[in-house]
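Here is the structure we will look at.
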Amino acid sequence: MNEDLRRRALDALTRARTRTATLTESVDDRELTAQHSPLMSPLVWDLAHIGNQEEQWLLRTVGGRAALRPEIDSVYDAFEHPRATRPSLPLLAPAEARGYASEVRGRVLDLLERTPLEGGGPLVDSAFAFGMIAQHEQQHDETMLITHQLREGPAALSAPEPPRAGPDAAELPADVLVPGGPFTMGTSTEPWALDNERPAHRRTVPAFRIDTTPVTCGAYLAFMADGGYRDPRWWAAEGYEQIRRHDIGAPLFWRREGGQWLRRRFGVTEPVPLDEPVLHVSWYEADAYARWAGRRLPTEAEWEKAARHDPETGRSRRFPWGDAEPTPVHANLGQRHLRPAPAGGYREGRSPLGVRQLIGDVWEWTASDFLPYPGFAAFPYREYSEVFFGSAHKVLRGGSFGVDPVACRGTFRNWDLPVRRQIFSGFRTARDADPLEDTV
Ligand code: AVJ
Ligand code: FE
20 MNEDLRRRAL
30 DALTRARTRT
40 ATLTESVDDR
50 ELTAQHSPLM
60 SPLVWDLAHI
70 GNQEEQWLLR
80 TVGGRAALRP
90 EIDSVYDAFE
100 HPRATRPSLP
110 LLAPAEARGY
120 ASEVRGRVLD
130 LLERTPLEGG
140 GPLVDSAFAF
150 GMIAQHEQQH
160 DETMLITHQL
170 REGPAALSAP
180 EPPRAGPDAA
190 ELPADVLVPG
200 GPFTMGTSTE
210 PWALDNERPA
220 HRRTVPAFRI
230 DTTPVTCGAY
240 LAFMADGGYR
250 DPRWWAAEGY
260 EQIRRHDIGA
270 PLFWRREGGQ
280 WLRRRFGVTE
290 PVPLDEPVLH
300 VSWYEADAYA
310 RWAGRRLPTE
320 AEWEKAARHD
330 PETGRSRRFP
340 WGDAEPTPVH
350 ANLGQRHLRP
360 APAGGYREGR
370 SPLGVRQLIG
380 DVWEWTASDF
390 LPYPGFAAFP
400 YREYSEVFFG
410 SAHKVLRGGS
420 FGVDPVACRG
430 TFRNWDLPVR
440 RQIFSGFRTA
450 RDADPLEDTV
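In the working numbering, the protein residues as written are 20 to 459.
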């Protein structure tokens, strides 16, 4: 890798560790080792897992070093131990976990300085490996942020409010026409793209309309007020069964009190903000809302075309606004704020066709199953993506306020089970274009 990528790797690793420190030093040792939800690991597991993956991929695979503590590999293997069982493992205590992660990091920084980043290690391209590990830590930072949202007790994190939407937000059209035809999906050139984003390939997508902004809490409340949660017509059968079984009638963390909807957000209870993108809904809830609205979720290909296709040049760009890295004027990313920004903001981040907030704010559920692209090759390990391919997982796109820019781009793919709602998930809707709409 060239010096630029080396500098970016250093920068991304350092930024991830600062965030990891915030997430693991803002609660006491008891809270670090407690399990706040069976859906999540104790925070101290994530902390040592971050260090262990970094040791395995960078120190051992790229650097060819011997294991520092071979006996702990199995404890921090996500596939050996499901999240619910992790509290009963012989976990490193908080001070030990911190010491281990920082010892690994010290050696990694030394390695980064000295590795000729061309082709590099015997098993993986070293330039990719450093980027992959920075993304891995940031993904666990988002996971730990979810744990913070699930924990009970007073607020431990704080951040400034996101920017208000500009005066033009009120005049935005509800949706935007994306013309039909082929576009390039995925990437073969993005240096830190993960295996599931590769390779670039052509896809033909018929004309469709997509919401200008994510669906807001206000719009979602209209669905609720219309009896949406009690009408099986809107729901996939398994989704309706889930909401009946668990008595679900609102997004996670919402509750009704004194005729008002409140929600708990990182230890603070507040009225549900009507203009904010709805958060903490399952795929089933998103799918039901869309059907109620006479629409549907966008497919993954539609989402990516809306986010990357430049109708002027026919080229797919890295981000809706172009190829430049995200800055705070483009998108709500990186845990700079602890909530999505009101719908209609981030004008600078809009796509050529005027779609807003595709990147940042909320992960957006798509209609699509998580499947490999034509020509997919697992890299560097099957367990990153390949074992999750199939109809069990749905794709989410665009990243939330809790995603760092290093783990977010127009091609980035996330996935989860359709019942999940503790994640920072929202959605926007789409529909087929009318037959006469697509004439140029
Ligand atoms: C891509 C977010 C589904 O957190 O399970 C972390 C990322 N992979 N460690 C996850 C991941 C291995 C993954 N997701
Ligand atoms: Fe992991």
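Where a beta carbon is used, it is the ideal one built from N, C-alpha and C, also for glycine.
Model, not experiment: these values are computed from the prediction.
- Taking the Cβ of D435 as the reference point, at least one heavy atom of ligand 1 falls within a distance shorter than 8 Å.
- Remark: C-beta atoms of A426 and D214 do not approach each other more closely than 9 Å.
- Within its own chain, the residues whose Cβ lies closer than 7 Å to the Cβ of L196, once the five positions on either side in sequence are excluded, are A226, R228, A452, E456, listed in chain order.
- A distance below 8 Å between beta-carbons, with the five flanking residues on each side excluded, links R366 to the following residues of its chain, in chain order: G185, D187, R375.
- The alpha-carbon of T203 is positioned some 40 Å away from that of W273.
- Counting only beta-carbon distances shorter than 6 Å to the non-hydrogen atoms of ligand 2, the qualifying residues in chain order are H68, Q72, A97, H155, H159.
- If you draw a 10 Å sphere on the C-beta of A35, you find 16 or more other C-beta atoms in it, and that means buried.
- The region 294 to 310 makes contact with the region 249 to 257, as at least three CB pairs between them are under 8 Å.
- Counting other Cβ atoms within 10 Å of its Cβ, N71 reaches 16 or more and is therefore classed as buried.
- Scanning the region 230 to 285 for uninterrupted beta strand (DSSP E) segments of 3 residues or longer gives 273 to 276, 279 to 284, listed from N- to C-terminal end.
- Inter-residue distance for S145 and M151 is about 10 Å (C-alpha atoms, whole angstroms).
- Here DSSP, grouped into helix, strand and coil, assigns W322 to helix.
- DSSP places E367 within a helical segment (H, G or I) once states are collapsed to three.
- H328 has S335 as its beta-bridge partners, per DSSP.
- Residue burial annotation: R217 is buried, with at least 16 other C-beta atoms found within 10 angstroms of its C-beta.
- At least one heavy atom of ligand 1 is found less than 8 Å from the C-beta of Y403.
- Going by DSSP, R450 is part of the beta strand (DSSP E) stretching over 449 to 451.
- Rounded to whole angstroms, the gap between the alpha carbons of T206 and Y403 is 17 Å.
- About 29 Å separates the beta carbons of L78 and V46, which is beyond the 8 Å limit, so they are not a contact pair.
- 9 Å or more divides the Cβ of T318 from the Cβ of T235.
- DSSP places P201 in the uninterrupted beta strand (DSSP E) bounded by 200 to 204.
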